[in-house]
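Numbering (the working numbering), first residue to last: 255 to 410.
Just so it is clear, CB atoms sit at the ideal spot from N, CA and C, and this is done for glycine as well.
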């Protein structure tokens, strides 16, 4: 039986980590901003590229300073075998589940890298990936909402 969702490969395009001296905040005391971008292959409608951007937030007026300033981008390549779902439902599946898979890989990567840092290992707090927000018909008159396409790139 073919899996519904298959991770074909992933890598990190951008990694920026710097320690904040004197920070006493734990990973659960500040926010992490996340953004997921999703694109479908031009050549195969069942192959997707998911890009997850994460950035720690904090240190503003009254907010605890995070132990590390982190900016990281993970890029994943996925395939799915859902013939009976609409494109919108497949896109939701990719954003939620593909984003979650990349988030998990990023969490483990950051634990490993920061484990040797001055503030100790940093564990990303749990986040939730909502469904894709789409503009209503009144927001986009005379246009059809489409999933952005991305050129196919084979995972390494």
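Look at residue 336 here: in three-state DSSP terms it is coil, with no helix or strand label. For residue 301, the enclosing beta strand (DSSP E) begins and ends at 301 to 310. Residue 265 has 329 as its beta-bridge partners, per DSSP.
Burial of residue 310 is indicated by the presence of at least 16 other C-beta atoms within 10 angstroms of its C-beta. Distance check between residue 292 and each of 266, 352 and 335 places 352 closest, using alpha-carbon atoms only. Within 10 angstroms of the beta-carbon of residue 366 lie fewer than 16 other beta-carbons, which makes it exposed. Considering only 321, 317 and 381, the residue with the shortest C-alpha distance to residue 371 is 321. Note that the C-beta distance between residue 381 and residue 326 is not below 7 Å. Pairing residue 303 with residue 331 gives a Cβ-Cβ distance under 7 Å.
For the options 379, 384 and 383, the alpha carbon positioned closest to that of residue 285 is the one of 379.
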